[in-house]
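In the numbering used here, the protein residues as written are 554 to 804. Read through the structure below, which is laid out as structure tokens, and then see the notes.
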Amino acid sequence: MHTTMAFPGGAAGSDALTRSEAARTALSRLLAIAGHDLKQPLQVALMAIDRAVRDGVAPRAAARLDLASDALQRLGRELDDLARSSQTADVPPRLQPVPLGPMLAGLQAEWRAYAETCGVKLTVRTTRLVAWTDPAMLATILRNLVGNAVKYARPGGRVVVGCRRRGARIEVTVLDDGAGIAPEKLATLFEAFDRAGRRDGAGLGLGLHIVRQTAQALTIPVGVRSVVGRGSAFTVSLPGADHEGPDARDA
Numbered sequence: 554m555h556t557t558m559a560f561p562g563g564a565a566g567s568d569a570l571t572r573s574e575a576a577r578t579a580l581s582r583l584l585a586i587a588g589h590d591l592k593q594p595l596q597v598a599l600m601a602i603d604r605a606v607r608d609g610v611a612p613r614a615a616a617r618l619d620l621a622s623d624a625l626q627r628l629g630r631e632l633d634d635l636a637r638s639s640q641t642a643d644v645p646p647r648l649q650p651v652p653l654g655p656m657l658a659g660l661q662a663e664w665r666a667y668a669e670t671c672g673v674k675l676t677v678r679t680t681r682l683v684a685w686t687d688p689a690m691l692a693t694i695l696r697n698l699v700g701n702a703v704k705y706a707r708p709g710g711r712v713v714v715g716c717r718r719r720g721a722r723i724e725v726t727v728l729d730d731g732a733g734i735a736p737e738k739l740a741t742l743f744e745a746f747d748r749a750g751r752r753d754g755a756g757l758g759l760g761l762h763i764v765r766q767t768a769q770a771l772t773i774p775v776g777v778r779s780v781v782g783r784g785s786a787f788t789v790s791l792p793g794a795d796h797e798g799p800d801a802r803d804a
């Protein structure tokens with residue numbers, strides 16, 4: 554089953570659309586407040602962990618505290634994404650050439666420890682392709698897609714991230730071999746708090762909502778292909794940088 558996100562064009566002016574926009578604005582304000590206010594207790598927790606390690610603990614306890622610190626730092630970045638995505642309508646993208654290789658390598662380093670804890674092999678294919686986009690906003694999209702794939706992959710499974718050129722555009726694909734998404738769940742997959750029917754406590758269902766909000770601000774399409782029992786593939790389509798040389802290609 555395949556579906557592609559569609560981005561709305563002009564406003565229709567209907568009462569239903571007005572109510573929808575009002576509800577979306579209220580949700581954005583709520584998410585912005587949550588993303589900001591939750592950072593303070595998070596910082597307190599990180600400081601407490603750092604103090605405990607510096608005061609001296611057993612090696613095994615120190616290793617566990619390091620894992621907890623990594624998880625809290627990742628949560629901090631996700632809260633930053635949450636706050637940023639709620640303000641995309643007010644902040645225009647800062648478009649520039651963005652080498653995708655270093656960005657994907659950074660995402661691999663960010664999610665590696667969590668993937669290993671989940672028993673998932675995370676593979677990022679190297680690339681020399683350069684996109685024309687906002688680096689912070691693209692990082693927000695890819696961070697949430699990679700994290701979502703790791704969370705939904707099977708224990709012992711794998712997540713693969715790669716790029717390829719398609720005409721004047723570049724496609725970045727995040728592939729997992731998890732349980733897949735039922736066809737009836739695809740239509741609401743990018744809505745806030747939608748978790749594709751999962752009830753295992755794996756997040757609040759905001760990751761793909763953040764992806765949608767950010768992608769709409771960049772006016773780039775995000776597609777998803779999924780087969781129940783075999784996994785899912787999310788693809789982001791980006792314009793290539795104009796200055797890209799003839800040697801810029803998949804490695």
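C-beta: ideal position from N, C-alpha, C; glycine also.
Close-in-space but distant-in-sequence residues of the same chain around residue i (CB under 6 Å, 5 per side omitted)
| i | result |
| --- | --- |
| GLY784 | ASP729, ASP730, GLY731, GLY733 |
| VAL725 | CYS716, VAL789 |
| ASP623 | ALA666 |
| ARG678 | GLY715 |
Separation of residue j from residue i, as counted between CA atoms
| i | j | result |
| --- | --- | --- |
| VAL781 | ALA605 | 45 Å |
| THR693 | ALA668 | 18 Å |
| LEU791 | ILE602 | 40 Å |
| ALA621 | GLY709 | 22 Å |
| ARG613 | ARG607 | 14 Å |
| MET656 | ALA740 | 30 Å |
| LEU742 | SER779 | 12 Å |
| PHE787 | THR676 | 15 Å |
| LEU625 | ALA598 | 8 Å |
| ALA507 | GLY609 | The requested residue 507 does not occur in the structure, where the chain is confined to residues 554 to 804. |
| GLN649 | VAL683 | 10 Å |
| MET600 | VAL713 | 34 Å |
| VAL727 | ARG718 | 15 Å |
Other residues of its chain near residue i: CB distance less than 7 Å, five sequence neighbours each side excluded
| i | result |
| --- | --- |
| GLY700 | TRP664, GLY760 |
| ALA662 | none |
| ILE773 | VAL789, SER790, LEU791 |
| ALA611 | none |
| ALA801 | Any reading at ALA801 is ruled out, since the residue's pLDDT is 45, under 50, leaving its predicted position unreliable. |
Residue i, DSSP secondary structure in three states
| i | result |
| --- | --- |
| PRO645 | coil |
| ARG681 | coil |
| VAL703 | helix |
| GLY782 | coil |
| GLY776 | strand |
| ILE723 | strand |
| ASP687 | coil |
| VAL610 | coil |
| VAL673 | coil |
| GLY715 | strand |
| LEU742 | coil |
| ASP619 | helix |
| PRO655 | helix |
| GLY760 | helix |
| ASP729 | strand |
| PRO650 | strand |
Test item: CB-CB of residue i and residue j under 8 Å
| i | j | result |
| --- | --- | --- |
| VAL673 | ARG711 | yes |
| THR686 | VAL644 | no |
| THR680 | GLY654 | yes |
| GLY793 | ILE723 | yes |
Close beta carbons around residue i, own chain, < 8 Å, minus the five adjacent residues each side
| i | result |
| --- | --- |
| GLY720 | none |
| PRO646 | THR686, ASP687, MET690, ALA770, LEU771 |
| CYS671 | VAL703, LYS704, ALA706, PRO708 |
| ASP619 | VAL606 |
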